[in-house]
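2 protein chains.
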Amino acid sequence: MSNIQKILNVELGNKSYPIYIGNDLLSDKSCLEKHISGQQVMVVTNTTIEPLYLEKVKNLLSNFEVQVAILPDGERHKTLETVNSIFDALLEAKFDRSATLIALGGGVVGDITGFAAASYQRGVDFIQIPTTLLSQVDSSVGGKTGVNHALGKNMIGAFHQPRAVIIDIDTLDTLPIREFSAGMAEVIKYALLGNIDFLSDLEKNIDSIKGGLHQEDKELLIDAIYRCCAEKAEIVSVDERESGVRRLLNLGHTFGHGIENALGYGTYLHGEAVAIGMYMAAKLSQLEGNLSVEDVDRVKSILTLAGLPCSIGKYNITATQLYNAMSLDKKVIDGNIRLVLFLYLGNAYISQDYSEENLNQVLSEFCHS
Amino acid sequence: MSNIQKILNVELGNKSYPIYIGNDLLSDKSCLEKHISGQQVMVVTNTTIEPLYLEKVKNLLSNFEVQVAILPDGERHKTLETVNSIFDALLEAKFDRSATLIALGGGVVGDITGFAAASYQRGVDFIQIPTTLLSQVDSSVGGKTGVNHALGKNMIGAFHQPRAVIIDIDTLDTLPIREFSAGMAEVIKYALLGNIDFLSDLEKNIDSIKGGLHQEDKELLIDAIYRCCAEKAEIVSVDERESGVRRLLNLGHTFGHGIENALGYGTYLHGEAVAIGMYMAAKLSQLEGNLSVEDVDRVKSILTLAGLPCSIGKYNITATQLYNAMSLDKKVIDGNIRLVLFLYLGNAYISQDYSEENLNQVLSEFCHS
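Heads up: the protein sequence lines correspond to chains F and L, in order.
Adding 13 to a residue's 1-based position in the first sequence gives its number in this note's numbering.
Adding 13 to a residue's 1-based position in the second sequence gives its number in this note's numbering.
This is the structure in structure tokens:
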């Protein structure tokens, strides 16, 4: 049964688009079809997702000229070279400006495909079909696309909005549990930075959401995804280019990117690194006098319930290494590291005037000497 | 004497910017300074322009942290790899989102630098200092940036508007005469496609403009550049993304890109290929019944006066090869080649319903069998 349970319209003037969230949407031809304006369609996916869902998506596209680009799986392939391989395929197929790219996969596939769509012939349409929880809540809204560079994550990219996002939560049935947890890190982020009621609901429902076997559990999950997308959409609609309030969405990310960068991408999943980063942000917020010990424990507790790490664990990284990796992050203006901290639980703010000593204390606590 | 003779404001809402046109602007510190919002500035130029003008520009930037990226000269370096070398330099210098890139050079430097600015950290500021006539009239307005791909010209890029454009016509003193003529092809294009009075003025003044030694000649040149930029600005302001009237600016370009593509980039300068292309468009327009023989001769005459070619000459290329090279051009929608033709001299239109037979006749006339 095709079942669009929720539709969220992301309001961005002439770049507005809908997000569909529901069951079995990969059987809903009209949902996808109506957002394709030309005849040429390229589905971009990776070697992991291809055997699972490519045929289903191709079945929806019988009215179009369809090409497929299959990328190698993994963050390490999120490079300009991989984007260029999509350009090769598009040009070999003589695809023109009326083409539509469809990103079928997780955040890496979405980011690469989005940037390819932004840059091919200076911009063609694209549609996202995110198949991981992380990409469903994180990449569905905001239009951020891009790739990594050897010297830093997401350093090359564009803002490019999709024509539509189709979130079929049935695709999460094949998602490894570790990746599901990593996605929960972003879900929890939305609760922590802006909605204490959502945090309470997550604390109550997280086992059911993780279980996800019964229809009512699926409805809890659909509701959680919807709330994340809606919160992000509200923020992005007032700050598309990330010059102000949108930076709140980086809660845990400057720490997290630093961890990923210092340890090498792939040691932790992105969501895992962000989880550690959010806990570090909570610790620093405590030292800054904004959070109580109980608040910090509550952050740790929900992350742990979601199956997420709260320490860098066995990995050998010094505070200085982490600091340097963080300072390469693009959220740096004129040399000072800008961080998202807690004002109180459920409310975050952007700070550059925290105590450097407190930051060092947190870094030392989480790193090896 | 610093001498801003003309200022044209390109109106694009919050992306509006000024174009300064005059003498000795590379000695005018405030003109450049006021369009730089951060502290980090990277000047991107090439090996030809560096010894001529880099020091002058650096002298204007004594209040900033300045880095320089020097690219190899030539269209064949207008690639994703070259853009990536700029990313390398930006990241090594730890440049952040507040950085400004300055493109010092011709169209190739401008296109590459603009795309690097569009894509670095999803978009940073850039300023254009075009040093060739072609780039002064063509790249100053419109925000088109990008690079070539082995399978086609300008296939990868972005729309990204500069913060300001500074046209110092003194830089044309060092421009080889062949390149000056190539720039005149674009000047003539603006006359041909939209302004018959401008065409008459050019026919009267072209020798003085080419001479350019006396102040009054320079004023004629400044006026011609201003008229081109103003005409382009008017068109772009109503059609930034090239979905309609902006396509008129492709007069001669689909033929021209086809010639460049079939012969290999660099055989003809871009402006030379466009000149041949405009003459081909005139010939086809005559076969379509829109131009008289006298009109076509007038097109040939002004191009010849400017020192431009009106035939493919000695090069060995068949009509089929040229047709195939043209059909790869990005102005193709759903398989039909869209061309800009003359309705009458001084007025162009976009056509997909010309006679295929007439096109073949023109291609045969210009190509070897």
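C-beta atoms are modelled at their ideal positions from N, C-alpha and C, and glycine is treated no differently.
No experiment lies behind these values; they were computed from the predicted model shown.
- Message: Below 8 Å, how does it come out for the stretch 77-90 of chain L and the stretch 129-148 of chain F: are there three or more Cβ pairs, yes or no?
- Response: Segments in contact, no.
- Please name the residue or residues paired with E78 (chain L) in a DSSP beta bridge. L:Q53
- Message: Which of the three DSSP states is assigned to N22 (chain L) in this structure?
- Response: strand
- Task: Using a cut-off of 8 Å between C-beta atoms, extract the partners of E105 (chain L) located in chain F.
- Result: L164
- Whose C-beta lies closer than 6 Å to the C-beta of T184 (chain L) among residues of the same chain, with five residues either side of it excluded? T144
- Message: Give me, in chain order, the residues of the same chain whose beta-carbon lies closer than 7 Å to that of I169 (chain L); leave out the 5 immediate sequence neighbours on both sides.
- Response: L93, G159, V160, H162
- Below-8 Å beta-carbon distance, Q134 (chain F) vs any chain L residue: yes
- Query: Candidates F:E369, F:D151, F:T61: which alpha carbon is nearest P189 (chain F)'s?
  - Reply: Measuring from the Cα of P189 (chain F), the nearest candidate turns out to be F:T61.
- Query: Should N303 (chain F) be labelled buried (16 or more other beta-carbon atoms within 10 Å of its own) or exposed?
  - Reply: buried
- Task: Quick one: grab the DSSP three-state call for D86 (chain L).
- Result: coil
- Tell me the DSSP bridge mates of H266 (chain F)? Its beta-bridge partners do not exist; DSSP assigns none.
- Message: Is the beta carbon of A294 (chain L) closer than 8 Å to that of P322 (chain L)?
- Response: no
- Query: With 8 Å set as the bound, which would you pick, yes or no: does the beta-carbon of A338 (chain L) sit closer than that to a beta-carbon of chain F?
  - Reply: Output row for A338 (chain L): interface = no.
- Message: Nearest by alpha-carbon distance to K19 (chain F): which of F:T267, F:V200, F:C242, F:G265 is it?
- Response: F:C242
- Kindly list, in the order they appear in chain L, the residues whose Cβ is closer than 8 Å to that of A171 (chain F). A131, S132, R135, G136, A171
- Item | DSSP state of A171 (chain F) mapped onto helix, strand, coil | It is a strand residue.
- Could you say which of L:G359, L:E369, L:L358 lies nearest to L352 (chain L) if we only look at CA atoms? It is L:E369 whose Cα lies nearest to the Cα of L352 (chain L).
- Query: With DSSP run on the structure shown, which of helix, strand or coil describes F108 (chain L)?
  - Reply: F108 (chain L) falls in the coil class under three-state DSSP.
- Query: In angstroms, rounded to a whole number, what distance separates the CA positions of D37 (chain L) and I222 (chain L)?
  - Reply: 18 Å
- Query: DSSP three-state call for P64 (chain F): helix, strand or coil?
  - Reply: helix
- Straight-line CA distance for N97 (chain F) to A129 (chain F)? 8 Å
- Message: Restricting to Cα atoms, I'd like to know which of L:L25, L:S194, L:N371 is closest to L300 (chain L).
- Response: Closest option to L300 (chain L), Cα to Cα, is L:N371.
- Query: Among F:I32, F:L104, F:L39, F:N167, which has the Cα closest to the Cα of V150 (chain F)?
  - Reply: F:I32
- Message: List, from N- to C-terminal side, the alpha helix (DSSP H) runs of 4 residues or more that fit wholly inside the stretch 109-137 of chain L.
- Response: 120-132
- Query: Are any of the Cβ atoms in chain L nearer than 8 Å to that of G159 (chain F)?
  - Reply: yes
- DSSP three-state assignment for N303 (chain F), whether helix, strand or coil: coil
- Message: Please classify Y133 (chain F) as buried or exposed, where buried requires at least 16 neighbouring CB atoms within 10 angstroms.
- Response: buried
- Item | Spatial neighbours of M14 (chain L) in its chain, beta-carbon cut-off 8 Å, leaving aside the 5 residues before and after | Its pLDDT being 48, under 50, M14 (chain L) is placed unreliably in this model, and the value from its coordinates should be taken loosely. Once the five neighbours on either side are set aside, the close Cβ partners of M14 (chain L) are N36, D37.
- Are V375 (chain L) and L316 (chain L) touching if we call contact CB-CB under 8 Å? no
- Query: To the nearest angstrom, how far is it from the Cα of A332 (chain L) to the Cα of G51 (chain F)?
  - Reply: 29 Å
- Message: Determine, for M55 (chain F), whether the minimum Cβ-Cβ distance to residues of chain B falls below 8 Å.
- Response: Reference to chain B is not applicable here, since the protein chains of this structure are F and L.
- Message: Whole angstroms are fine: how far does the CA of Q80 (chain L) sit from the CA of H227 (chain F)?
- Response: 59 Å
- Query: Does any CB atom of chain F fall closer than 8 Å to the CB of F77 (chain L)?
  - Reply: It does not; no Cβ of chain F falls within 8 Å.
- Is the CB of E100 (chain F) under 8 Å away from at least one CB in chain L? Before going on, a small fix: residue 100 (chain F) reads as Phe here, not Glu. Closer than 8 Å: yes.
- Message: Below 8 Å on the Cβ atoms is my contact criterion, and I expect L74 (chain F) with V54 (chain F) to pass it. Report the Cβ-Cβ distance as a whole number of Å.
- Response: 6 Å
- Can you check whether the CB of L206 (chain L) is closer than 8 Å to the CB of L147 (chain L)? no
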